[in-house]
Each structure stands twice: as structure tokens, then as C-alpha cells.
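Colleague: The structure follows.
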């Protein structure tokens, strides 16, 4: 959208997402019509919008 790549959660991989572009933001819906996320448009010149988390695995899982 507008030449910007948006990060999508790995949990949504392989599913359909529906995008609605508004003046202020990009809305992402699942196939049931549930709003998953609303991203405000970033500053001009931005090419990628991430999740705010580092790339890669989260580390070893704790077991109790």
C-alpha cells in the first residue's frame, strides 16, 4: 500500500487478510470481518513498518 511494506504476524501466515485504506490509516480485517489491526500512515518516505519487536526467535521457552 502506497509503496510501504507492513510486517504481518507469523500467526496469520497462510490466511486471508482484507485491507481497507482510509485517509488516516490502513485497516486489516480477517475473513470474518474482525478488525485485526489499524496502522496509521507513517511519515512520508517510510518504506517499512515493523511490529516493534526484534527479528527472529524469542529465545528458549521456559518450562515449569
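Numbering (this note's numbering), first residue to last: 611 to 674.
For each residue, glycine too, the CB sits at the ideal point set by N, CA and C.
Ends of the beta strand (DSSP E) at residue 623?
Modeller: Segment: none, residue 623 is in no beta strand (DSSP E) and carries neither H nor E.
Colleague: Classify residue 622 as buried or exposed, calling it buried when 16 or more other Cβ atoms lie within 10 Å of its own Cβ.
Modeller: So residue 622 counts as exposed.
Colleague: When we look at the beta-carbon of residue 636 and count the other beta-carbons within 10 Å, is it buried (16 or more) or exposed?
Modeller: Buried, by the Cβ-count rule.
Colleague: State the DSSP-derived secondary structure class of residue 614, mapped to helix, strand or coil.
Modeller: Coil, per DSSP.
Colleague: What are the start and end residues of the beta strand (DSSP E) that includes residue 649?
Modeller: Residues 645 to 650.
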